[in-house]
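Undergrad: One structure coming up, written as structure tokens, with questions to follow.
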Amino acid sequence: MKTDSQLQKDVVDELSWAPDVEHGHIGVAAHSGVITLTGHVPNHAMKMAAERAARRVRGVKAVAQDIEVRFASDPKNSDDEIAQRILSLFAWDVSIPDEKIQVKVGKGYVMLTGEVEWNFQKSAALKAAGRINGVRGVMSYLTVRSRPTVFDVRERIVAALKRSAEVDAKGIDVHVEGSTVRLGGSVNA
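First residue of the sequence shown: 1, per full-length UniProt numbering; consecutive thereafter.
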């Protein structure tokens, strides 16, 4: 007798082998020979083909059919469809660093995680995710990487020079322009 995990694997393999089944959105669970099929397909014929494929596997005693038929014209509201639409929208929006943001969707709620360089990127991601049909809410766990200002850099260098026992900080001028720091003046050797 097959274990539940082996039976589940065999049914998944049979679904992927069936030419009349798009198995990408079909989930399979197995318990004591009973197979539960979940997910969605684009038409009723494919739903029935998935059930027939599951019944062909040796060891399947019964099939619980929970596959939903969704037409292409129906609103895209399942969690996987919402996640895919958000990722596509992020990829097309140049203000969103899509490679730095992870998207998780559960029961219509979107969670964004990752690190962005600017606050406008965080705002753009939140706004874009909220525009997708079927989204019930967006939670942001995005962090904005803080960038030091020119003043902060200068003050930190001056403070480090003052802390140094080997250097007389009074004779050193610190100039910061963009990402370039120039030290000038004279020191005692």
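By construction, the Cβ of each residue, glycine as well, lies at the ideal position given by its N, Cα and C atoms.
All of these numbers come straight from a predicted model, not from anything done at the bench.
Just verifying my parser: in three-state terms, what is the DSSP assignment at Ile-157?
TA: Ile-157 falls in the helix class under three-state DSSP.
Undergrad: Please report the straight-line C-alpha distance between Lys-122 and Val-181, rounded to a whole angstrom.
TA: Answer to the nearest angstrom: the Cα atoms are 30 angstroms apart.
Undergrad: Using a threshold of 8 angstroms, is the CB atom of Val-94 nearer than that to any non-hydrogen atom of the ligand GDP?
TA: Absence of the ligand GDP is noted for the structure shown, with no ligands found whatsoever.
Undergrad: My assumption, with CB atoms under 8 angstroms, is that Asp-98 sits in contact with Leu-87. Please give the rounded CB distance.
TA: Rounded, the Cβ-Cβ distance is 7 angstroms, consistent with contact.
Undergrad: Excluding the 5 residues preceding and the 5 following Thr-36 in the sequence, name in chain order all residues of the same chain whose CB lies nearer than 7 angstroms to its CB.
TA: So the qualifying residues of the chain are Ala-29, Ala-64 and Asp-66.
Undergrad: In the DSSP assignment, what are the bridge partners of Lys-104?
TA: In DSSP, Lys-104 forms a bridge with Met-111.
Undergrad: So, using beta-carbon positions, are Val-150 and Gly-178 closer together than 9 angstroms?
TA: Contact flag set, yes.
Undergrad: Would DSSP call Glu-177 helix, strand or coil?
TA: Reduced to three states, the DSSP call for Glu-177 is strand.
Undergrad: How should Met-139 be labelled, buried or exposed, when 16 other C-beta atoms within 10 angstroms of its C-beta is the threshold for buried?
TA: So Met-139 counts as exposed.
Undergrad: For Gly-185, name the three-state secondary structure that DSSP assigns.
TA: Reduced to three states, the DSSP call for Gly-185 is strand.
Undergrad: Take the Cβ of Asp-173 as the centre, count every other Cβ of all protein chains shown within 10 Å, and call the residue buried at 16 or more, exposed below.
TA: Asp-173 comes out exposed.
Undergrad: Along the chain, where does the beta strand (DSSP E) that runs through Gly-27 open and close?
TA: Where Gly-27 is concerned, the enclosing beta strand (DSSP E) stretches over 26-31.
Undergrad: Rounded to a whole number of angstroms, what is the C-alpha to C-alpha distance between Met-46 and Arg-85?
TA: Computed Cα separation, rounded: 23 angstroms.
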